[in-house]
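Residue numbers (the working numbering), protein chains in the order written: chain L, 1 to 305; chain Y, 1001 to 1305.
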């Protein structure tokens, strides 16, 4: 990479649009993906499948919506209320419907005609997994392979900060030693994969954007216990590189919440690791240019063997 | 198929769960998909790609959320307000957050602490496409290939009636003759594909569940003008077979709304066709049994060549 590469969120968004890689949206954080963007993302996803091939993963898939009670139960509204999305729906009749259409016509708010539903947007691909692990794990524990759309309410001009995006995620549930060993193995494999793809990636300890005054304590605890790591790459800023891969050690949080036990009866521990699929794809375009045909041969050979 | 096959939504759901094909949810219409379910769905999706290979499709992909103004603009709140989902989010500070957590803790409603956002759930995979077709089409028009998650707020015990599910969809924008010819070609190919897969499928004219008193007129118009067709297969009922594939002719609705013009300057017409991916998959399990290894050889050969 040349030392003169410029980093700027707005310019990068415009370049992605100009090359047909993303299709511009009409509200911040929501946009389409073009054919070439999806080719790269799909090739990367296949590569991840190969890297994970011998992990004994079970595949599960969940929709982009969950039971609202789930995000209440896992503590999401405590830690990240500002990022959550809950679904409201219309339960009225003809009269309320006419009122709604008039309000829409006149550009007036129509939220008063909606009611909170039982549904929330999925904030993390792994949340719906844990209730499927309740009970006693086999001796080797369980490992789950997931792909899904997540919702984060943080409208932004940064193309890397989307309201709705895909994660390829793996979850491990087992005894503490096994879980930490698995997390460490993925920390190594995840970083190596990015380096093999020619990305200037490094790994580092990280923290989550916990909400409010109480959140400060959670951040301090997370940092001290080294519960979160990220692999980061400069995409829209050199000083603040973008997390393209994250590793979270939950200790016994989900094991306790969903009564998951190891074969010898202890509360199981869990960890997850996830690739931000759009972010990895954008990091490849930023690093190697907007035309994959002109990417370095070793990178092309890895993505399209 | 034996004449003694039993049809019952609850039994079919329980059988899908018992065979690990779906992972039970905790609220109606939301559940996970297991590995074998996804293998079948993915194989069918690949088969659709083959059938569509020579159509000159452009690929686009959109997230499961859209700008709320889009569903207002296309008239979704007029026709299907009861099926829509809009996203609300928390914009408060520490005080409101404490209030929210207390309400959640006490099992009280907390909707008063949320505000309507700019985001809605995607109700049809094709809606975000049309603004990308604004302007003058090339002489042959344009054809778009899409896959995505859609939201329909109709909680139900029927496994075939999901709140969140995937559609593989194609959109055609061109002059009226070209659009109708394309629709007819897909009507034939879609039905033939289902018959080749051993499904007892038939095609028929259909109508949408338009809302309220005004909706009755829209249904009558749609039926009279034959704007909607479906391919249906018995899955949870013999008398009311399930639509697994639908074909919608929009005439100039989207052409006018998004200023899409043909090469000779007329308002373009559009049509779309979509496979309900989970429904096709469930129809295969209902028809051929819960173990794909024991499906008829011609069906297996088609799905796993």
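Beta carbons are placed, not taken as given, at the ideal position from N, Cα and C, and that holds for glycine.
Under the three-state DSSP convention, the category residue i falls into
| i | result |
| --- | --- |
| residue 184 of chain L | helix |
| residue 50 of chain L | helix |
| residue 170 of chain L | strand |
| residue 1033 of chain Y | strand |
| residue 1286 of chain Y | helix |
| residue 1018 of chain Y | helix |
| residue 1162 of chain Y | coil |
| residue 962 of chain Y | Since the displayed chain Y opens at 1001 and closes at 1305, residue 962 of chain Y lies outside it and no answer follows. |
| residue 1242 of chain Y | strand |
| residue 1210 of chain Y | coil |
| residue 42 of chain L | helix |
| residue 135 of chain L | strand |
Range of the contiguous beta strand (DSSP E) that encloses residue i
| i | result |
| --- | --- |
| residue 1008 of chain Y | Where residue 1008 of chain Y is concerned, there is no enclosing beta strand (DSSP E), given that its DSSP letter is neither H nor E. |
| residue 145 of chain L | 142–151 |
| residue 1274 of chain Y | 1269–1276 |
| residue 69 of chain L | Here residue 69 of chain L belongs to no beta strand (DSSP E); instead the alpha helix (DSSP H) covers 68–73. |
| residue 254 of chain L | Note, residue 254 of chain L: premise wrong, no beta strand (DSSP E); alpha helix (DSSP H) at 253–257. |
| residue 1203 of chain Y | 1202–1205 |
| residue 1238 of chain Y | Note, residue 1238 of chain Y: premise wrong, no beta strand (DSSP E); not H, not E. |
| residue 1058 of chain Y | 1058–1061 |
Within chain L, the residues that residue i reaches when beta carbons sit closer than 8 Å
| i | result |
| --- | --- |
| residue 1149 of chain Y | 63, 64, 149 |
| residue 1038 of chain Y | 59, 61 |
Residue i: contacting residues in chain Y (beta-carbon distance under 9 Å)
| i | result |
| --- | --- |
| residue 239 of chain L | Correct list: empty, because the minimum Cβ distance to chain Y is about 29 Å. |
| residue 132 of chain L | 1023, 1024, 1032 |
Residue from the options whose Cα sits closest to the Cα of residue i
| i | options | result |
| --- | --- | --- |
| residue 105 of chain L | Y/1075, Y/1217, Y/1113, Y/1164 | Y/1075 |
| residue 1086 of chain Y | Y/1269, Y/1245, Y/1071 | Y/1071 |
| residue 62 of chain L | L/252, L/125, L/23 | L/125 |
| residue 1284 of chain Y | Y/1082, Y/1236, Y/1226, Y/1199 | Y/1199 |
| residue 64 of chain L | L/287, L/108, L/257, L/167 | L/167 |
| residue 1221 of chain Y | Y/1197, Y/1109, Y/1251 | Y/1251 |
| residue 226 of chain L | L/183, L/139, L/160 | L/183 |
| residue 255 of chain L | L/270, L/241, L/101 | L/270 |
| residue 1237 of chain Y | Y/1147, Y/1131, Y/1293, Y/1287 | Y/1287 |
| residue 1146 of chain Y | Y/1188, Y/1096, Y/1170 | Y/1170 |
| residue 1175 of chain Y | Y/1048, Y/1057, Y/1265, Y/1159 | Y/1265 |
| residue 246 of chain L | L/19, L/228, L/17 | L/228 |
| residue 127 of chain L | L/5, L/151, L/108 | L/151 |
| residue 68 of chain L | L/16, L/130, L/116, L/60 | L/116 |
| residue 1231 of chain Y | Y/1033, Y/1239, Y/1203 | Y/1203 |
| residue 1048 of chain Y | Y/1280, Y/1298, Y/1295 | Y/1280 |
| residue 1292 of chain Y | Y/1101, Y/1043, Y/1029, Y/1024 | Y/1043 |
| residue 1131 of chain Y | Y/1173, Y/1242, Y/1282, Y/1023 | Y/1173 |
| residue 248 of chain L | L/186, L/260, L/300 | L/186 |
| residue 77 of chain L | L/135, L/197, L/153 | L/153 |
Bounding residues of the alpha helix (DSSP H) (the contiguous stretch that carries residue i)
| i | result |
| --- | --- |
| residue 225 of chain L | From DSSP, residue 225 of chain L is part of no alpha helix (DSSP H); its letter is neither H nor E. |
| residue 294 of chain L | That residue, residue 294 of chain L, is in no alpha helix (DSSP H); it is neither H nor E in DSSP. |
| residue 25 of chain L | Careful: residue 25 of chain L lies outside any alpha helix (DSSP H), inside the beta strand (DSSP E) at 22–27. |
Within chain Y, the residues that residue i reaches when beta carbons sit closer than 8 Å
| i | result |
| --- | --- |
| residue 109 of chain L | 1116 |
| residue 35 of chain L | 1058, 1059, 1060 |
| residue 94 of chain L | 1212, 1213, 1214 |
Within chain L, the residues that residue i reaches when beta carbons sit closer than 7 Å
| i | result |
| --- | --- |
| residue 1090 of chain Y | 81, 82, 84 |
| residue 1128 of chain Y | 32 |
| residue 1067 of chain Y | 25, 26, 27, 30 |
| residue 1175 of chain Y | What residue 1175 of chain Y touches in chain L: nothing, since even the nearest Cβ is about 24 Å away. |
7 Å Cβ cut-off: residues of chain Y touching residue i
| i | result |
| --- | --- |
| residue 97 of chain L | 1081, 1211, 1212 |
| residue 156 of chain L | Residues of chain Y passing the Cβ test: none, with the nearest at roughly 13 Å. |
| residue 153 of chain L | 1089, 1117 |
| residue 163 of chain L | 1065, 1119 |
Amino acids of chain L, ordered along the chain, whose beta-carbon sits closer than 9 Å to that of residue i
| i | result |
| --- | --- |
| residue 1077 of chain Y | 90, 97, 100, 101, 104, 110 |
Listed by chain order, chain A residues near residue i by CB distance under 7 Å
| i | result |
| --- | --- |
| residue 1072 of chain Y | Absent from the structure is chain A; the protein chains it does hold are L and Y. |
Hey, which unbroken runs of the beta strand (DSSP E) at 3 residues or more fall wholly within the stretch 1076–1132 of chain Y?
The stretch 1076–1132 of chain Y contains, as complete beta strand (DSSP E) runs of 3+ residues, the segments 1086–1090, 1114–1121 (chain order).
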